[in-house]
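Peer 1: Residue numbers (our numbering), protein chains in the order written: chain G, 1 to 424; chain B, 425 to 785. Even for Gly, the Cβ is constructed at its ideal location relative to N, Cα and C. I am attaching a structure below and will ask some questions about it afterwards.
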C-alpha cells in the first residue's frame, strides 16, 4: 500500500501553477517524477503522490526542482485561466484510470518521437560531413587530372610540330624521286645529289626542333660516309658453323625458378620407380646396392658391349631385366649383343619385346624404334627370312626416311629377294 | 589506368593513341625517319598481317594492309639503308623474307631459314647505324641461330646449331652488338632453358655463355654500333639482368646486377635510342617499367689473382604504368622523336605512348 503524500501546497498565476510537495525524508530523483499533459505523479516507494490536473499544461516546458526535502513544480498552463482547484474534482475512478493510462501512452509516444528526431538529425549531420569530404577529394582528383591533361596536351602539340617537319622532309624526298625518273644522270652522282638535298632539309629541320645542331652535322657526315661505304661494303662473310652445347634439361618446357623444386621431385620419383620392381627375390640379398639399380646395370652392359665383351653384357642386361622388366632399352641393347653373338632367334625375340614396350609411337622414342627394327631386320636376313627382314627395314625407313644406311640395306635385300625368286 | 605518380621531375608515361586491331599483334616497329608505324601479326584465319599506320594528331590512320600466307612473328628495319627501308620479317613457318613495302607482293629476299617458327630477328649495318655489311640474325624454335646476308641467298653466313645428337632448346631471342668497325660483330642469343650465349662473328666462336636460371625472353645491347657496353637480358618470373660488357673475366665472365620487377614474365626490353642508360621493360601483367642504370664509381677492379673483373652498377625505377590486362609483347622506341614509343599487347591493341621529361634525367 503506497503512502499518499497529501501535504502539498500550491498557488497559481494566470499562466502558471506553482506546486510545492514536501517529501517526508525521502530522496527524489528525476526518475521518480512522471508528468504528462494533465497528469502528475511522484512515486518514491513507498510514497506516492498523484494529481489529475484541472486543465492541461505544457509539460515540455514545465520544470521541477528537487531540493531541501521538497519538490517544487513550476507548471505552465496551456490556456491562461485561473483554476478552481489543483486537481479535477468529481473525477470518478474510471475517468481517473483512463486519464492515467492516456498520460502514460502519451509520454511514451513523446519519448519515441524524441528519439526519432534525434536519429534524423544525426543522420543529416553524417550526410553533410560525408558530402564535405567527398567534395574535398573531388577537388584533389580534379587538380591531378588537370595536371595530367596539361602534360598530355603539351606533348601532343610537340608531336604535331615534329610530324609536320617529317612531312616536309618526305615531300621534298618524293619530289626529288620524281626528278630522278625524268633525268638521265649517272646513278651515283644522282644519289649524291639526293642525299645532299636531304641533308639540307634535315639541317633546317634540326634547327627548328630541339635536336642539337651537332646531330645535323653528324647526319650529313654519316650520309656522306655511308655513300662511300656503300661502294665499299665488305663482301659477305665466309660461311661457318658454330656448334653449341646447351645446359642440359630433361623437360621440354622453359626453365622457371619457381618450378625447379617440383621438377626435381618428379625426376627423383621417376628414378625411384625405375629401381627395384620385384624386390622379393632372395638372391638379391647378396648383390651390392648399385647392382640392384637397373640403370647402373644397363650402363655396365653398354660399357662391356663397347669393349667387345658380349657375354658379360648379356649377363648384365639379364640381371637388369629381372629387376625391372619394363625398360625397353634393356631389351634393345640385349638384342644388339645377341646379334653379335649370332643368337639370332634371341635377337628377334628381344627386339620384338623392345618394340612392344615402345608403344605408343611418339617422336621421343623414334630413335629406339628405328634401332629395334633395324636389329630385327638384320636378324631375319641372317636367318635368310628376307621378306620379314625387308618388312622391318621398310618400317625403319618409314620412321626415319632420311637414313641412307637403312635405304641401302633395304635395296640390297630387295635385290636378294628378286634374285632368289628368279632362280626358284 | 595507371599507378603513375605525378611528381614534379619524374618522367610520365602518357598514353597518346590507342588502336584496337582485329588480329593478334606480335611485333610493332616505327618506320625510320617518319611518323609511321608497322604492326605485324597473325589474323584469326591463320594468315599473316602487316599493317602500316600513320600518326595523325590523336589517332592512327591505316595507310596500307598487306596479307601474307603465314603468320608473322617478328620484323626489323635494322639491316636496310635509309632510302630503301625494307622490312625483314620472320614468320611462323621459319621463312625469312625482306619486303619492299611499296611493292609487297614479291619479297626482295626470301629463304626458308628454319624448320620451325622464327621467334626473334635483329638487323645491323643499316639505317646509318653500325659499320660493316648489313646482316640479319634469326633465332628459332629449332634451336639454331642463323646470320644472313641479304646479298647471299639460300645459305646463312653463320649458323649456331646444337651439337649432333644433343636435344635442342628453343631460342627465344637474338640481338646484335659490338658492331663498331667493319670486322667486329657479336650475336647474343637467349634460350628457354635460361642459357645466354655470346657468339663472336669475327672469330666464329662462342665467346661467353651463362645461365640465368629462368627462360630468357629478351636480350638487347644498349647500342649495337659501339664497343659492347651493357647487355640487358629479361626472363620469366619477373627478373632481368644487366651485364657490364666492358670487362670479361676469364672464369667469371661479365659482372651483372639483377632486379625483380614484378611477378610476371618480362617480355621485352628496349633501350632509349637517344640515351643508352635508360630502358623500358614490358611485363606479362600489362605494365611498363622505365629504368635507369647508374654506373659504379669504378667499372672494373682487380680480383685476388690480379685479373680484371667488371663491377656492375645499379638500376633504379623511374616510372611504371599499367596499360592493359594482357601481356605487352612488343615495344619500340621511335629513333627520331625522343620519348615516343609504340607497344603492342595481346589484348589486340597497339598503343602509342609518350614518355615526358626524359631530358631532365
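#1: Check residue 559 of chain B in the structure and name its three-state DSSP category.
#2: Reducing DSSP to helix, strand and coil, say where residue 144 of chain G ends up.
#3: Quickly, what does DSSP pair residue 475 of chain B with across the bridge? List them, please.
#4: Under 8 angstroms between the Cβ atoms of residue 618 of chain B and residue 247 of chain G?
#5: Report the CB separation of residue 379 of chain G from residue 341 of chain G in whole angstroms; it is logged as a contact under 8 angstroms.
#6: Measuring only between beta-carbons, confirm whether residue 475 of chain B sits less than 8 angstroms from chain G.
#7: Does residue 752 of chain B come out as helix, strand or coil in the three-state DSSP assignment?
#8: Should residue 602 of chain B be listed as close to the ligand ATP, given that the test is whether its C-beta is under 7 angstroms from any heavy atom?
#9: Check whether the Cβ atoms of residue 665 of chain B and residue 642 of chain B lie closer than 8 angstroms to each other.
#10: Taking just the CA atoms, how far does residue 141 of chain G sit from residue 636 of chain B?
#11: What residues in the stretch 115 to 127 of chain G bring their beta carbon closer than 9 angstroms to a beta carbon of chain B?
#12: What's the C-alpha gap between residue 589 of chain B and residue 244 of chain G?
#13: Going by beta-carbon coordinates alone, are residue 558 of chain B and residue 549 of chain B separated by less than 8 angstroms?
#14: Would you please verify whether the beta carbon of residue 254 of chain G is less than 8 angstroms from any beta carbon of chain B?
#15: Determine the burial state of residue 311 of chain G: buried for a count of at least 16 other Cβ atoms within 10 Å of its Cβ, exposed for fewer.
#16: Can you tell me whether DSSP reads residue 369 of chain G as helix, strand or coil?
#17: Can you tell me the Cα-Cα spacing of residue 35 of chain G and residue 121 of chain G, whole angstroms?
#18: Taking the DSSP output, what are the residues bridged to residue 673 of chain B?
#19: Below 8 angstroms between beta carbons: does that hold for residue 449 of chain B and residue 465 of chain B?
#20: Which residue from G:256, G:62, G:354 and G:21 puts its Cα closest to that of residue 327 of chain G?
#21: If you drop the 5 nearest sequence neighbours on each side, which residues of the same chain put their C-beta closer than 8 angstroms to that of residue 508 of chain B?
#22: I'd like to confirm the pairing. Which residues does DSSP put opposite residue 12 of chain G in its beta bridges?
#23: When you compare each of G:56, G:54 and G:31 to residue 44 of chain G by their alpha carbons, which one comes out closest?
#24: Would you please verify whether the beta carbon of residue 242 of chain G is less than 8 angstroms from any beta carbon of chain B?
#25: What runs of the beta strand (DSSP E), each 3 residues or longer, lie entirely inside the stretch 566 to 620 of chain B?
#26: Just reading off the alpha helix (DSSP H) that residue 330 of chain G is part of, what are its end residues?
#27: Please go through the stretch 61 to 120 of chain G and give each complete beta strand (DSSP E) segment of 3 or more residues, from N-terminal end onward.
#28: Give me the chain G residues within the contact set of residue 481 of chain B, using Cβ-Cβ distance strictly less than 7 angstroms, ordered along the chain.
#29: Within a Cβ cutoff of 6 angstroms, which residues of the same chain sit near residue 3 of chain G, ignoring the five residues on either side of it in sequence?
#30: Can you check which of these residues, B:463, B:653, B:561 and B:660, is closest to residue 667 of chain B by C-alpha distance?
#31: Do residue 638 of chain B and residue 257 of chain G have their C-beta atoms closer together than 8 angstroms?
#32: Does DSSP put residue 208 of chain G in a helix, in a strand, or in coil?
#33: Buried or exposed for residue 537 of chain B, going by 16 or more other Cβ atoms inside 10 Å?
#34: By DSSP, does residue 741 of chain B sit in helix, in strand, or in coil?
#35: From what residue to what residue does the alpha helix (DSSP H) around residue 398 of chain G run?
#36: Beta carbons nearer than 8 angstroms to chain G: which residues of the stretch 627 to 643 of chain B have them?
Peer 2: The answer reads as follows:
#1: On the second chain, residue 559 of chain B is found 135 positions in, with the first residue counted as 1. Strand at residue 559 of chain B.
#2: Locating residue 144 of chain G in the first chain gives position 144, where the first residue counts as 1. Helix at residue 144 of chain G.
#3: For the purposes of this step, residue 475 of chain B is identified with residue 51 of the second chain, where counting begins at 1. Residue pairing for residue 475 of chain B: DSSP places it in a beta bridge opposite B:463 and B:489.
#4: The residue labelled residue 618 of chain B in the question sits at position 194 within the second chain. The residue labelled residue 247 of chain G in the question sits at position 247 within the first chain. The criterion of a C-beta distance shorter than 8 angstroms is satisfied by residue 618 of chain B and residue 247 of chain G.
#5: Within the first chain, the letter at position 379 stands for residue 379 of chain G. Within the first chain, the letter at position 341 stands for residue 341 of chain G. Beta-carbon to beta-carbon, residue 379 of chain G and residue 341 of chain G are separated by about 11 angstroms, too far to satisfy the 8 angstroms threshold.
#6: For the purposes of this step, residue 475 of chain B is taken as residue 51 along the second chain, with counting starting at 1. It does not: the Cβ of residue 475 of chain B has no partner Cβ on chain G nearer than 8 angstroms.
#7: The count along the second chain starts at 1 and reaches residue 752 of chain B at position 328. Reduced to three states, the DSSP call for residue 752 of chain B is strand.
#8: Looking for the ligand ATP in the displayed structure turns up nothing, as the structure carries no ligands at all.
#9: The residue labelled residue 665 of chain B in the question sits at position 241 within the second chain. The residue labelled residue 642 of chain B in the question sits at position 218 within the second chain. Not in contact: residue 665 of chain B and residue 642 of chain B (Cβ atoms no closer than 8 angstroms).
#10: Numbered from 1 along the second chain, position 212 holds the residue referred to as residue 636 of chain B. Numbered from 1 along the first chain, position 141 holds the residue referred to as residue 141 of chain G. Rounded to the nearest angstrom, the two C-alpha atoms are 43 angstroms apart.
#11: For the stretch 115 to 127 of chain G, which is checked against every Cβ of chain B, not one residue is closer than 9 angstroms.
#12: Counting from 1 along the second chain, the entry for residue 589 of chain B is found at position 165. Counting from 1 along the first chain, the entry for residue 244 of chain G is found at position 244. Rounded to the nearest angstrom, the two C-alpha atoms are 11 angstroms apart.
#13: Position 134 of the second chain, counted from the start, is the residue given in the question as residue 558 of chain B. Position 125 of the second chain, counted from the start, is the residue given in the question as residue 549 of chain B. Yes.
#14: Mapped onto the first chain, residue 254 of chain G falls at position 254. Closer than 8 angstroms to some Cβ of chain B, the Cβ of residue 254 of chain G qualifies, so yes.
#15: Taking the first residue of the first chain as 1, we reach residue 311 of chain G at position 311. By the neighbour-count rule (16 or more Cβ atoms within 10 Å), residue 311 of chain G is not buried but exposed.
#16: Along the first chain, read from residue 1 onward, the residue named residue 369 of chain G stands at position 369. Looking at residue 369 of chain G - three-state DSSP - the assignment turns out to be helix.
#17: Translated into the one-based positions of the first chain, residue 35 of chain G becomes position 35. Translated into the one-based positions of the first chain, residue 121 of chain G becomes position 121. Approximately 26 angstroms between the Cα atoms of the pair.
#18: Sequence index remark: in the second chain, residue 673 of chain B carries index 249 (1-based). Under the DSSP definition of a beta bridge, residue 673 of chain B partners with B:677.
#19: In the second chain, the residue the question calls residue 449 of chain B occupies position 25. In the second chain, the residue the question calls residue 465 of chain B occupies position 41. Yes, the pair counts as a contact, with Cβ atoms nearer than the cut-off.
#20: For the purposes of this step, residue 327 of chain G is taken as residue 327 along the first chain, with counting starting at 1. Residue G:354 holds the alpha-carbon nearest to the alpha-carbon of residue 327 of chain G among G:256, G:62, G:354 and G:21.
#21: Counting from one through the second chain, the residue named residue 508 of chain B turns up at place 84. So the qualifying residues of the chain are 524.
#22: Your numbering for residue 12 of chain G matches position 12 in the first chain. Per DSSP, G:17.
#23: Translated into the one-based positions of the first chain, residue 44 of chain G becomes position 44. Considering only alpha carbons, the answer is G:31.
#24: Counting from one through the first chain, the residue named residue 242 of chain G turns up at place 242. Yes, because at least one Cβ of chain B sits closer than 8 angstroms to the Cβ of residue 242 of chain G.
#25: Uninterrupted beta strand (DSSP E) stretches at least 3 residues long and entirely within the stretch 566 to 620 of chain B occur at 569 to 572, 582 to 586, 595 to 601 and 610 to 615, given in chain order.
#26: As a first step, residue 330 of chain G must be located in the first chain, where it is residue number 330. For residue 330 of chain G, the uninterrupted alpha helix (DSSP H) segment begins and ends at 328 to 340.
#27: Counting only runs of 3 or more, we get 70 to 77.
#28: Locating residue 481 of chain B in the second chain gives position 57, counting from the first residue. Ordered by position in chain G, the residues that pass the 7 angstroms Cβ test against residue 481 of chain B are 160.
#29: In the first chain, residue 3 of chain G corresponds to position 3, counting from 1. 46 and 47, listed in sequence order.
#30: Locating residue 667 of chain B in the second chain gives position 243, counting from the first residue. Considering only alpha carbons, the answer is B:653.
#31: Numbered from its first residue, the second chain carries residue 638 of chain B at position 214. Numbered from its first residue, the first chain carries residue 257 of chain G at position 257. Against a cut-off of 8 angstroms, the Cβ pair of residue 257 of chain G and residue 638 of chain B comes out as a contact.
#32: Position 208 of the first chain, counted from the first residue, corresponds to residue 208 of chain G. Legend: pLDDT at residue 208 of chain G = 40, less than 50; position of this residue unreliable, no value from coordinates given.
#33: Position 113 of the second chain, counted from the first residue, corresponds to residue 537 of chain B. Counting other Cβ atoms within 10 Å of its Cβ, residue 537 of chain B reaches 16 or more and is therefore classed as buried.
#34: Your numbering for residue 741 of chain B matches position 317 in the second chain. Here residue 741 of chain B carries a strand assignment [DSSP, helix/strand/coil].
#35: The residue given as residue 398 of chain G occupies position 398 in the first chain. Unbroken alpha helix (DSSP H) run through residue 398 of chain G: 386 to 399.
#36: The residues in question are 628, 629, 630, 635, 637, 638 and 639.
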